[in-house]
Structures are given as C-alpha cells and as structure tokens.
Amino acid sequence: MKQVMIIVRPGCYFKTKQALSDNRFFAMSTKEVLGRGKAFVHFTSGEGKETSAVNEVYENALVAKKLIEMVVPDEAVDSLIQLVLSVNSHGTEGDGKIFVLPVEESIRIHTGETGEDALV
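Okay, structure coming up:
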C-alpha cells in the first residue's frame, strides 16, 4: 500500500476530485494548505492571487493550495498518478506536486479489517 499526497492549485481541486471519483478513487482526505516551491511567487498588489501581469509586485510569500491524501494498493499508484497529471499538468510552475510514501499497515477501526481490506 502507498500513501499518495497530491498538492494542486485550488482552481483545479474540484476537477481533480471529480476525475478521481469518476475513476473509482473514492477514499480521500483533503485540506487547504499554504506552501511554495523553489520559484519566486508574484502577486498583483495585495490580491493574493498568482499572476504574470506586467504590474507585478514581488513577494516571497506562501501560496494557497489544496492537499488530497489517499492510501491505495500498490498496483493502483501508477494509474492514480497518470490521472492526476492529466488533470493538473498545464506546463507551468506551480501546477503541483505528487508524493508517494510506503504504508506499513491500515486498520479500519469499526470492523478491525486490516491491510487493503481496510482501504475501501
């Protein structure tokens, strides 16, 4: 099993969530996060939105993103990654990140099911 952490732009969140659901990836946790990558962040004066406008104001600030966390069987990881890339890859900095981590065990508290049986 793997934990997949998906960080996307807020504007892509609902489209990503719908694509996941349409492809039978139902179980997930989501939250709003702030962060930044290696690129400098530019904003228009005080609006807090990423932009490439001519009248930019430079700030080294954090940017609002959405984090989707999922635990999936090993064999589902590649298709999950390709799905997320197809929805979120626009060829620009800030499109997001995907992290894949190993999961040693999963336990459904209600039934006591373990391993992949506890995932869905």
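Okay, so the sequence shown: first residue is 1 according to the numbering used here, each after it adds one.
No residue lacks a Cβ here, since even glycine has one placed at the ideal position from N, Cα and C.
State the DSSP-derived secondary structure class of V127, mapped to helix, strand or coil.
Examination of residue 127 is not possible in this model, given that the chain is present from 1 through 120 alone.
Leaving out five residues on either side along the sequence, give the residues of the same chain with a beta carbon under 6 Å from the beta carbon of E69.
Within the same chain, Cβ atoms closer than 6 Å to the Cβ of E69 are found at M5, S29, the five residues on either side in sequence being excluded.
Start and end of the alpha helix (DSSP H) containing F99?
Careful: F99 lies outside any alpha helix (DSSP H), inside the beta strand (DSSP E) at 96 to 102.
If you draw a straight line from the C-alpha of D117 to the C-alpha of D74, how long is it?
Across the structure, D117 and D74 are spaced so that their CA atoms are roughly 13 Å apart.
Residues near G37 by beta carbon distance below 6 Å, same chain, minus five either side:
The beta carbon of G37 lies closer than 6 Å to none in the same chain, with the five residues before and after it left out.
Measure the C-alpha to C-alpha separation of V103 and E113 and round it to an integer number of angstroms.
Their Cα atoms are separated by approximately 15 Å.
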